[in-house]
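Residue numbers (this note's numbering), protein chains in the order written: chain A, 77 to 156; chain B, 77 to 156.
2 protein chains.
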Amino acid sequence: MKYDVTITISLKEGMLNPEAEAIRRAIAHLGYGVDYLQKQDQYRITLDAVNKQEAEKIAGSICERLLANPVIHTYVIEVI
Amino acid sequence: MKYDVTITISLKEGMLNPEAEAIRRAIAHLGYGVDYLQKQDQYRITLDAVNKQEAEKIAGSICERLLANPVIHTYVIEVI
Numbered sequence: 077m078k079y080d081v082t083i084t085i086s087l088k089e090g091m092l093n094p095e096a097e098a099i100r101r102a103i104a105h106l107g108y109g110v111d112y113l114q115k116q117d118q119y120r121i122t123l124d125a126v127n128k129q130e131a132e133k134i135a136g137s138i139c140e141r142l143l144a145n146p147v148i149h150t151y152v153i154e155v156i
Numbered sequence: 077m078k079y080d081v082t083i084t085i086s087l088k089e090g091m092l093n094p095e096a097e098a099i100r101r102a103i104a105h106l107g108y109g110v111d112y113l114q115k116q117d118q119y120r121i122t123l124d125a126v127n128k129q130e131a132e133k134i135a136g137s138i139c140e141r142l143l144a145n146p147v148i149h150t151y152v153i154e155v156i
């Protein structure tokens, strides 16, 4: 069966993110008040799996082996 | 008041995305069946606004003026 999976990868709290900081400053320069900005990578994937549990397991494995660096990233998996 | 806004920016349908295609192939090399992969940028922003409507309007303006290229991107705004 096909499962639609959404994987969201973000930097752990406290990790410096110069890109996000630059965007936050650019928004402030546009004249808007912005307190906090976090940038995340989101992947929408259609996977083959026998059931929802397996789809979640495969997505976890993809994160660990390919998409996320466990030292600096956290990830959230959502199987639809 | 402070509003938490999530902005998700993705390439329009039909736009080539070599990065997503490379990731799709890397996942296939790990031995998993993957039909479709889309990569999106997601921003979680805390904004100053007088009400929810204004927060949405500001987020739209940030997308148009800074984050998205209307020729190739679509964006979705969610005010929490």
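No residue lacks a Cβ here, since even glycine has one placed at the ideal position from N, Cα and C. Note that the structure is a prediction, hence the values are computed from the model and not measured.
DSSP has residue i in a bridge; who is on the other side?
i: B/D111; result: Bridge partners of B/D111: none, in fact.
i: B/Q116; result: A/Q118
i: A/V81; result: A/I121, A/V155
i: B/H149; result: B/L87
Using the rule of at least 16 other Cβ atoms within 10 Å of the residue's Cβ for burial, across every protein chain shown, is residue i buried or exposed?
i: B/Q62; result: Past the boundaries of the shown model lies residue 62 of chain B; chain B is included only from 77 to 156, so the question cannot be answered.
i: A/I83; result: buried
i: A/L92; result: exposed
i: B/K128; result: exposed
i: B/A125; result: buried
i: A/K115; result: buried
i: B/R100; result: buried
i: A/A131; result: buried
i: B/A96; result: buried
i: B/Y151; result: buried
Would you identify the three-state DSSP class for residue i, choosing helix, strand or coil?
i: B/I121; result: strand
i: B/K88; result: coil
i: B/L106; result: coil
i: A/A96; result: helix
i: B/A144; result: coil
Applying a beta-carbon distance threshold of less than 9 Å, which residues of chain A neighbour residue i?
i: B/R120; result: S86, Y112, L113, Q114, K115, Q116
Could you check how far apart the C-beta atoms of residue i and residue j are, in whole angstroms? I think they sit under 8 Å.
i: B/L123; j: A/V110; result: 6 Å
i: A/I148; j: A/K78; result: That pair is no contact at about 31 Å.
i: B/I121; j: B/G136; result: Incorrect: roughly 12 Å between the Cβ atoms, too far for contact.
i: A/L142; j: B/L142; result: Not quite, the Cβ-Cβ distance comes to about 30 Å (not below 8 Å), so this is no contact.
i: A/I85; j: B/I103; result: Not confirmed; about 14 Å, so no contact.
Residues of chain B with a CB under 8 Å from the CB of residue i: which are they?
i: A/L92; result: Result: empty, since nearest Cβ-Cβ is about 17 Å, beyond 8 Å.
i: A/Y108; result: L123, D124, I134, S137, I138
i: A/K78; result: D111
Just the chain B side, please: which residues come within less than 9 Å of residue i by C-beta, in chain order?
i: A/I153; result: What A/I153 touches in chain B: nothing, since even the nearest Cβ is about 14 Å away.
Just the chain A side, please: which residues come within less than 8 Å of residue i by C-beta, in chain order?
i: B/R141; result: L106
i: B/I103; result: I121, I138, L142
Taking 7 Å as the line, does the beta carbon of residue i fall inside it for any heavy atom of the ligand FAD?
i: B/G107; result: This structure does not include the ligand FAD; it has no bound ligands of any sort.
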